[in-house]
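Quick note, the sequence shown lines up with residues 169 to 648 if you use the numbering used here. Here a beta-carbon is modelled for each residue, glycine too, at the ideal position from N, C-alpha and C. Worksheet: the structure to be examined is printed underneath.
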Amino acid sequence: MFRITKTEQGIVEGLPAADPRITVFKGIPFAAPPVGNLRWAPPQEAAKWEGVRQCFKYLAAPVQPGPEENPRVDDLYSKEWSVDTTLQLNEDCLYLNIWTPAKKTDEKLPVYFWIFGGGWQVGHASEMEFDGERIARRGIVVVTINYRVNLFGFTCHPELTAEYPDSPANQGLMDQHKALEWVYKNISNFGGDPEQITIGGQSAGGGSVLNQISYKKNAPMIKRAVVESGFLLNPFFDVFPAKNLSQAEKVGEEFFEFCGVKTLKEARELSTEFLYQKWNEWGGFQKSAATWTPVKDGQFACFDFFDEVEKGNIVPPPLFTGYTPDEFKMGPLNQPDVEPINVVEYALRKVMNSLEKNGNPNKNYVYRFDVPMPGWDNPGRFHSADLWFFFETLAKCWRPFKGFHYDVSRQMCNYLCNFIKTGDVNGLDSYNCFACSKESDWETLPRWEPFSTEKNNFMIFEKDCKEINLPADENMKKYL
Numbered sequence: 169m170f171r172i173t174k175t176e177q178g179i180v181e182g183l184p185a186a187d188p189r190i191t192v193f194k195g196i197p198f199a200a201p202p203v204g205n206l207r208w209a210p211p212q213e214a215a216k217w218e219g220v221r222q223c224f225k226y227l228a229a230p231v232q233p234g235p236e237e238n239p240r241v242d243d244l245y246s247k248e249w250s251v252d253t254t255l256q257l258n259e260d261c262l263y264l265n266i267w268t269p270a271k272k273t274d275e276k277l278p279v280y281f282w283i284f285g286g287g288w289q290v291g292h293a294s295e296m297e298f299d300g301e302r303i304a305r306r307g308i309v310v311v312t313i314n315y316r317v318n319l320f321g322f323t324c325h326p327e328l329t330a331e332y333p334d335s336p337a338n339q340g341l342m343d344q345h346k347a348l349e350w351v352y353k354n355i356s357n358f359g360g361d362p363e364q365i366t367i368g369g370q371s372a373g374g375g376s377v378l379n380q381i382s383y384k385k386n387a388p389m390i391k392r393a394v395v396e397s398g399f400l401l402n403p404f405f406d407v408f409p410a411k412n413l414s415q416a417e418k419v420g421e422e423f424f425e426f427c428g429v430k431t432l433k434e435a436r437e438l439s440t441e442f443l444y445q446k447w448n449e450w451g452g453f454q455k456s457a458a459t460w461t462p463v464k465d466g467q468f469a470c471f472d473f474f475d476e477v478e479k480g481n482i483v484p485p486p487l488f489t490g491y492t493p494d495e496f497k498m499g500p501l502n503q504p505d506v507e508p509i510n511v512v513e514y515a516l517r518k519v520m521n522s523l524e525k526n527g528n529p530n531k532n533y534v535y536r537f538d539v540p541m542p543g544w545d546n547p548g549r550f551h552s553a554d555l556w557f558f559f560e561t562l563a564k565c566w567r568p569f570k571g572f573h574y575d576v577s578r579q580m581c582n583y584l585c586n587f588i589k590t591g592d593v594n595g596l597d598s599y600n601c602f603a604c605s606k607e608s609d610w611e612t613l614p615r616w617e618p619f620s621t622e623k624n625n626f627m628i629f630e631k632d633c634k635e636i637n638l639p640a641d642e643n644m645k646k647y648l
């Protein structure tokens, strides 16, 4: 293994992970700090440095509500992973982290590029469930990235459009693109293969993946895609109403006025603390989720992903995707007598139907996460629960997992890693790039075939893993 390598900006030094055969580099800058006159600007080139930069610790997370010392008992997500009350928040947040098992830089290992979720409002690359070590032990270079969220990542304004006419909006999505470009240019120095990058994300991170694979400039850099609970399409109402640029600019003007300023220069002179205070007064997370999200700006985001897939205008790369049964169950507003549907499952089925209808040649794999989740709160198969399992980080969780949870997690992580490596999920269980035992000593994972609408074949992750025929229920069929 190596601990020191180079990037286009300068030399970086990492540390051994818990498994010393893995080197982890934390807090590598992939863009200039978006502060001062670069607040709300598209990401700019990171500065070069002299000497060796020690990348030993996670750096600041994007500005957002910080973890609470004593969250409400019913606040599932705060007690699940937003637990580090010492977490530093700063507009200067455009950093990424890399885990590599490579012993030398020319190994050309596959790369997993991970985008966190959180409704484009919260989240960060150093959340404890995203520790990349277990995936790296399977012979993969893992990258987790930060990007700007909420008002800092999705504000529009006429003066911003005039200043950056080619990239007037979606700073958070542009941050992701910038990080992907950085990885494509630099990952070979960490033992990775830039031609074998799988981009992945969950929830809004999965939605971000859809935005990135729709952006034509990214096509040469993305080999495969992982979308965990990231397809979201509601036949009743828009969960994240997509604004066009002029609508988003008007919201920006209204927010500037709410902050007591009129010009972009004045807004850039406001302190981070003041802006965050006004964000809270504006309506906090709930209003923000309906305000600062991806914008159809005609540059980065130009169209509706689902419509374009239906028309055959977008052909995604091979997909690894799925959902959890207890997430996002929705029905028409103000019609409680109408049975709700899981809008993630609905969106996923719509996409698979469209791809098959249009003759998509790629192999796509679809799962349903049905693992019983333990704990006094009886949380069900909640949105995001599968993150612990795919990253195989259950030991970091407070929940009293049992032996079968660890077995299923190992298999889920193996399926994911097989897909990242080859595009085929099938292979051997308990794979470890450091293992010395004969392959004949390893078990074969239960067979998982690419999805087809004829078979409706989902891999069910429960107390074990098995592929089953799972057609849509009669209620959902009304809307497909």
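Nonlocal neighbours in the same chain, by C-beta distance under 7 angstroms from residue i, ignoring five residues either side
i	result
residue 228	256, 257, 258, 260, 261
residue 637	623, 624, 625
residue 591	392, 486, 531
residue 430	424
residue 459	419
residue 643	507, 509
residue 569	542, 562
residue 565	556
residue 182	171, 191, 192, 193, 223
residue 210	332, 335, 339, 342
residue 495	397, 510, 512, 550, 551
residue 615	594, 635
Residue i versus residue j - alpha carbon distance
i	j	result
residue 524	residue 474	14 angstroms
residue 265	residue 491	26 angstroms
residue 354	residue 272	14 angstroms
residue 464	residue 422	19 angstroms
residue 476	residue 511	19 angstroms
residue 434	residue 447	17 angstroms
residue 376	residue 283	7 angstroms
residue 218	residue 368	33 angstroms
residue 303	residue 394	14 angstroms
residue 323	residue 414	12 angstroms
residue 301	residue 267	6 angstroms
residue 243	residue 547	11 angstroms
residue 381	residue 439	35 angstroms
residue 363	residue 390	8 angstroms
Contacting residues, own chain, Cβ-Cβ under 8 angstroms from residue i (five flanking each side not counted)
i	result
residue 520	532, 534, 619, 621
residue 385	345
residue 371	285, 286, 287, 396, 397, 398, 551, 552
residue 251	235, 296
residue 499	404, 506, 507, 508, 509
residue 185	191, 192, 267, 301, 304
Cβ-based neighbour list, residue i, same chain, cut-off 6 angstroms, excluding 5 preceding and 5 following
i	result
residue 639	624
residue 543	567
residue 203	259, 260
Test item: CB-CB of residue i and residue j under 8 angstroms
i	j	result
residue 340	residue 374	no
residue 190	residue 221	no
residue 517	residue 648	yes
residue 594	residue 306	no
residue 335	residue 471	no
residue 361	residue 278	yes
residue 583	residue 613	yes
residue 317	residue 230	yes
residue 314	residue 330	no
residue 200	residue 206	yes
Which residues DSSP lists as bridging residue i, in chain order
i	result
residue 394	368, 488
residue 537	629
residue 463	Bridge partners of residue 463: none, in fact.
residue 635	627
Proximity test, Cβ basis, 8 angstroms: residue i and chain D
i	result
residue 169	Absence of chain D from the displayed structure is noted, only one protein chain being present.
ask   = For the stretch 249-294, which segments carrying the beta strand (DSSP E) assignment without a break, of at least 3 residues, lie completely within its bounds, in sequence order?
value = 263-268, 277-283
inquiry  = Runs of 4 residues minimum, wholly inside the stretch 321-392: which ones carry the alpha helix (DSSP H) assignment?
reply    = 326-331, 339-354, 372-382
query = Taking only runs of the alpha helix (DSSP H) that begin and end inside the stretch 565-631, which ones reach a length of at least 4 residues, in chain order?
reply = 571-590
query = At which residue ranges does the stretch 181-241 contain complete beta strand (DSSP E) runs of 3 or more residues, listed in the order of the chain?
reply = 191-197, 220-222
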